[in-house]
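Below is one structure, written out as structure tokens; comments come after it.
Residue numbers (the numbering used here), protein chains in the order written: chain L, 3 to 499; chain V, 3 to 499.
If you want it as structure tokens, here you go:
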């Protein structure tokens, strides 16, 4: 042999071409950790909604990358000086916008460790513990929300992706040979239909677009006075489509719609799906975890008959983004749609394990289970139930204040932790456009306060909606009371102009 | 008003229903940080490939979730006792499998801070700094690899998703009204074709399945003796498909294929695409960053004429998973395919900013830019170039040892940091099946050593391939020499049985 390499090993020895050395990592990691402890403890120190204008953050940083290595102190200084003031603070106790997702300190530690391990769990062998901890924690979550044990779980990044995978499985189950032949130029293929309520999430539109079904494939079923899908209208729609030669592919019921958090009547919808043999997917991304609380356990009634259910721990389960869970009784169809093992990914143990790359479009998988496992153990089931119950109590409290005030009106029931309301000054003879203008200004004034951040919720029955969403671990009764005080104050101010 | 809430505020006050308190977080965060510093400094302490059997990890943990809160020390004890030994260690300097992705210590700190902030950058206003830092760091990366300034970047989780979005944009650009009408039952729609080489990544198969085109839409073009797409065969295939009434939709060229890291002739492919007006997507997920190194700058030649290019910082740019980047000159088509703003996500500044939710299927977006920004600043362009060049030097060195040894053969050129080889004991009269059996056993023996982890690469020209991939910040010449020593040792052992 021409080149005899040196066989000696120098375990742990630093190369000048290696990573940041251990002491430097300790020092800057420590600074980051201290900053975080302060930040989480005083997350109301910053205005909740960022006050920068478009382009401000980018303009404060160099337009070209650094040629030479920079000191990490300088990087962390810029982080504090430029990045933090340019953020909207999702940890602020006055964050009441969208769904008030809430990470937690145990979730931070979980992400920290996962980042250090930096495993890719595409195959079981590329990190057995990541694959198995995912299966285990999802079985814990399944037990906690009361789904039957026939449901297998898998983690994706977002509910949009969980739902996309559910609908891909439904397509695989409905359309013969779609994986091989696709949808183009197949003259004998019936038009497919996916059904959801008028209040369902926009991710469904994106999913039918991506799947090649087109937005016209999505049929939106009217809702009742409490924004719930009307199952008898669904049954009629399915019958009508069948009569017209179209193929119903899936029904998506929502447990906790985005605007009002209404709950579709899943048991009645499941009966339609069972009779018609249509894939039933339940979008419980936000509200599903509430099934852990005894008086909300019924919200997943009927889901034992569903084919798939999405629940997002990164929404209301104190787990850092991103982590969405798809539970399915028919994960075999997800695998049938996507499983595809090139030679270079074949492994000896393939028949004894599930390789995560087979359950979806993504080959690479982060170690997301670690943070969820730490969150579930740190708080315990009881601690989580108490926190969810408290958030729902606070929402009902806020709703009671709205109800009791002549100048405000509530626009939807409050089954969970979101209140839909608007200002409706007594005695004015305004039309809807005038109410909308007034409430738009009210929302702007509230968000400019820096103390609270609320979002609008589109319209319910033609009425402009302001939403107050509770879900943050740092939000207490005082913060909700302060929000109500600010709402009243700014409404009075605006009305007096 | 019936209920007068208490207006007083208690900033920073702890609720018994809140998060882990700050002191507890500091203590356990400190323990995690210390563990990580030790771990990264001695990542060769563990066997690189996990030694557990299927089911071991899960069986070591309770099957039911904890009812009560558990001490975080107990959780971290279990992490060390059960999880860590069940992992395959991607940080181990002997990790030579797949693409030897490498996170870095600055990337850990970036992920730590991002986890604490826990923002969702779906809209500009939901965290302006996250949206703008993404645009800025991707413009830095664009400059570093030498793409023209007409390319806009966006971050996704994986290359599979980046490529899916590129092909969705190509579909939008090619098929009239596909977003609204989809692909089903449109009799006048021509069959579409997507072209790639025989050596292209399996994510393309998954993408055409998902898009409703079917696997038959993917036409795999033969390669030359160095595993590069043959552009003249591509041109013929396009002409043939056009003549048959089919519609070419996209060509995917690869810069750094998965098995051999071959580089398709992008300039010639780009000429075909330009003449035929076909979307050109370049998969440079692994090798794209090598364009930073002067003597590799040419690898992205022709990409100025591409419509989209994917490069993965989480592969060979020392950035934690997940972070894949799609660069496109036609991000408007990605937005045309997906942009869809429900009422509740409308914001006043919509015409002045890009909202990340408009560039893709996912609504929620993690703050991925922070880690990349920290990595680029910590190492600096020069430091990154040096490390990439060193990895390529080590690969060439290993290749020279293979070439000089009579009992081994190299199976492909080494343009980057991956060596394809196999044992080929001199003087044996084996057929391909016998070589495969021998090399399969050799690979098993190597991976059982605990010192190295290599993967197979399917076959090249019918020959079973063992791959040695270098990309880890902790891998030095000693580790590569040790791998070669082990390869020779186990081959001798097996041959002598």
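From the three backbone atoms N, C-alpha and C, an ideal C-beta is built for every residue, glycine too.
Nothing here was measured: the structure is a model prediction, and the numbers come from that model.
I'd like to know whether the C-beta of residue i is nearer than 8 Å to at least one C-beta of chain V.
i, result
"residue 8(L)", "For residue 8(L), the predicted model reports a pLDDT of 42, less than 50, meaning its position is unreliable and no value from the coordinates is stated."
"residue 126(L)", "yes"
"residue 115(L)", "yes"
"residue 52(L)", "yes"
"residue 497(L)", "no"
"residue 172(L)", "no"
"residue 175(L)", "no"
"residue 11(L)", "In this prediction, residue 11(L) has a pLDDT of 37, which is less than 50 and means its spatial position is unreliable; nothing more can be read from the coordinates."
"residue 75(L)", "no"
Determine the closest residue to residue i out of the options, with distance taken between C-alpha atoms.
i, options, result
"residue 334(L)", "319(L), 409(L), 318(L) and 356(L)", "356(L)"
"residue 249(L)", "190(L), 477(L), 134(L) and 377(L)", "190(L)"
"residue 438(L)", "450(L), 155(L) and 424(L)", "424(L)"
"residue 415(V)", "440(V), 382(V) and 462(V)", "462(V)"
"residue 387(V)", "475(V), 36(V) and 180(V)", "475(V)"
"residue 64(L)", "113(V), 337(V) and 141(V)", "141(V)"
"residue 381(V)", "44(V), 109(V) and 134(V)", "109(V)"
"residue 174(V)", "211(L), 377(L) and 470(L)", "211(L)"
"residue 106(L)", "374(L), 359(L), 225(L) and 229(L)", "374(L)"
"residue 566(L)", "441(V), 295(V) and 71(V)", "This structure gives no information on residue 566(L), because the portion of chain L shown stretches from 3 to 499."
"residue 365(V)", "74(V), 125(V) and 302(V)", "125(V)"
"residue 162(V)", "314(L), 399(L), 362(L) and 177(L)", "362(L)"
"residue 310(V)", "488(V), 90(V) and 172(V)", "172(V)"
"residue 219(L)", "226(L), 225(L), 473(L) and 209(L)", "209(L)"
"residue 272(V)", "242(V), 303(V) and 298(V)", "303(V)"
Taking residue i and residue j to be in contact with their CB atoms under 8 Å, please state how far apart those CB atoms are, rounded to whole angstroms.
i, j, result
"residue 459(V)", "residue 422(V)", "6 Å"
"residue 184(V)", "residue 148(L)", "About 37 Å separates the two Cβ atoms, so there is no contact after all."
"residue 114(L)", "residue 117(V)", "7 Å"
Consider the C-beta atom of residue i and the heavy atoms of the ligand PLP; say whether any pair is separated by less than 7 Å.
i, result
"residue 234(L)", "Ligands displayed in this structure: none; no statement on the ligand PLP is therefore possible."
Using a Cβ-Cβ distance under 8 Å, would residue i count as near chain L?
i, result
"residue 4(V)", "Because residue 4(V) carries a pLDDT of 40, less than 50, the predicted location of this residue cannot be relied on, and no value is offered for it."
"residue 162(V)", "yes"
"residue 120(V)", "yes"
"residue 41(V)", "yes"
"residue 21(V)", "yes"
"residue 398(V)", "no"
"residue 14(V)", "Below a pLDDT of 50, predicted positions are generally treated as unreliable, and residue 14(V), at 39, falls in that range; no measurement from the model is reported."
"residue 415(V)", "no"
"residue 49(V)", "no"
"residue 24(V)", "yes"
"residue 31(V)", "yes"
"residue 79(V)", "no"
Between the stretch 374–396 of chain L and chain V, which residues of the former have a C-beta closer than 7 Å to a C-beta of the latter?
-> Taking 7 Å as the upper bound on Cβ-Cβ separation, chain V lies near residues 376, 378, 379, 380, 381, 382, 383, 384, 385, 388, 389 and 392 of the stretch 374–396 of chain L.
Residue ranges of each beta strand (DSSP E) within the stretch 184–254 of chain L, 3 or longer | The DSSP assignment places 194–199 and 220–223 as complete runs of the beta strand (DSSP E) inside the stretch 184–254 of chain L, in order along the chain (cut-off: 3 residues).
Under 9 Å (Cβ pairs) to chain L, residues found in the stretch 91–112 of chain V = Here the close residues are 91, 92, 93, 95, 99, 100, 103, 104, 105, 106, 107, 108, 109, 110, 111 and 112.
Which residue spans inside the stretch 97–169 of chain L form an unbroken beta strand (DSSP E) run of at least 3?
-> Taking only runs of at least 3 residues, the beta strand (DSSP E) segments lying wholly in the stretch 97–169 of chain L are 154–158.
If contact means a Cβ-Cβ distance below 7 Å, which residues of the stretch 60–72 of chain V contact chain L?
-> Within the stretch 60–72 of chain V, the qualifying residues are 60, 63, 66, 67, 68, 69, 70, 71 and 72.
Relative to chain V, which residues along the stretch 180–193 of chain L have a C-beta separation below 9 Å, given in chain order?
-> Residues passing the 9 Å Cβ filter: 180, 181, 182, 183, 184, 185, 186, 187, 188, 189, 191, 192 and 193.
Report the residues of the stretch 280–311 of chain L with a CB closer than 9 Å to any CB of chain V, ordered along the chain.
-> Cβ contacts with chain V: none found.
Closer than 9 Å, Cβ to any Cβ of chain V: which residues of the stretch 132–150 of chain L, in chain order?
-> Taking 9 Å as the Cβ-Cβ cut-off against chain V, the residues of the stretch 132–150 of chain L that qualify are 132, 133, 134, 135, 137, 138, 139, 141, 142, 143, 145 and 146.
Which ranges does the alpha helix (DSSP H) cover as unbroken runs of at least 4 residues, wholly within the stretch 291–362 of chain L, from first to last along the chain?
-> You should have 315–318 and 333–340.
If you measure beta-carbon to beta-carbon, which residues of the stretch 212–245 of chain V are closer than 7 Å to chain L?
-> Hits within the stretch, in order: 212, 213, 214, 215, 216, 217, 218 and 219.
Residues, ordered as in the chain, of the stretch 312–338 of chain L that lie near chain V by beta-carbon distance below 7 Å | Within the stretch 312–338 of chain L, contact with chain V at the beta-carbon level (separation under 7 Å) is assigned to 322, 323 and 324.
Could you name each continuous alpha helix (DSSP H) segment of 4 residues or more that falls completely within the stretch 18–57 of chain V, going from the start of the chain to the end?
-> Restricted to the stretch 18–57 of chain V, the alpha helix (DSSP H) segments that are unbroken, complete and at least 4 residues in length are 24–43, listed in chain order.
Interfacial residues, the stretch 418–441 of chain V to chain L, with Cβ spacing under 9 Å = For the stretch 418–441 of chain V, the set of residues with a beta-carbon nearer than 9 Å to any beta-carbon of chain L is empty.
Check distances from the C-beta atoms of the stretch 461–484 of chain L to those of chain V and list, in chain order, the residues that come in under 7 Å.
-> Residues of the stretch 461–484 of chain L with a C-beta less than 7 Å from any C-beta of chain V: 461, 475, 476, 478, 480, 483 and 484, listed in chain order.
For the stretch 196–209 of chain L, enumerate the residues whose C-beta is nearer than 9 Å to any C-beta of chain V, in chain order.
-> Listed in chain order, the positions of the stretch 196–209 of chain L with a beta carbon within less than 9 Å of a beta carbon of chain V are 203, 204, 205, 207, 208 and 209.
Sequence ranges, alpha helix (DSSP H) only - wholly within the stretch 67–95 of chain L, length at least 4 | Counting only runs of at least 4 residues, the stretch 67–95 of chain L fully encloses the following alpha helix (DSSP H) elements, listed from N- to C-terminal order: 74–80.
Complete runs of the beta strand (DSSP E) confined to the stretch 463–489 of chain L [at least 3 residues] | Runs of the beta strand (DSSP E) inside the stretch 463–489 of chain L: 465–471.
Residues of the stretch 355–370 of chain L whose Cβ lies closer than 7 Å to any Cβ of chain V, in chain order = Taking 7 Å as the Cβ-Cβ cut-off against chain V, the residues of the stretch 355–370 of chain L that qualify are 355, 363, 364, 365, 366 and 368.
Could you run through the stretch 247–271 of chain V and flag, in chain order, every residue whose CB is less than 8 Å away from some CB of chain L?
-> Residues are counted here when their Cβ sits less than 8 Å from a Cβ of chain L; for the stretch 247–271 of chain V these are 260 and 261, given in chain order.
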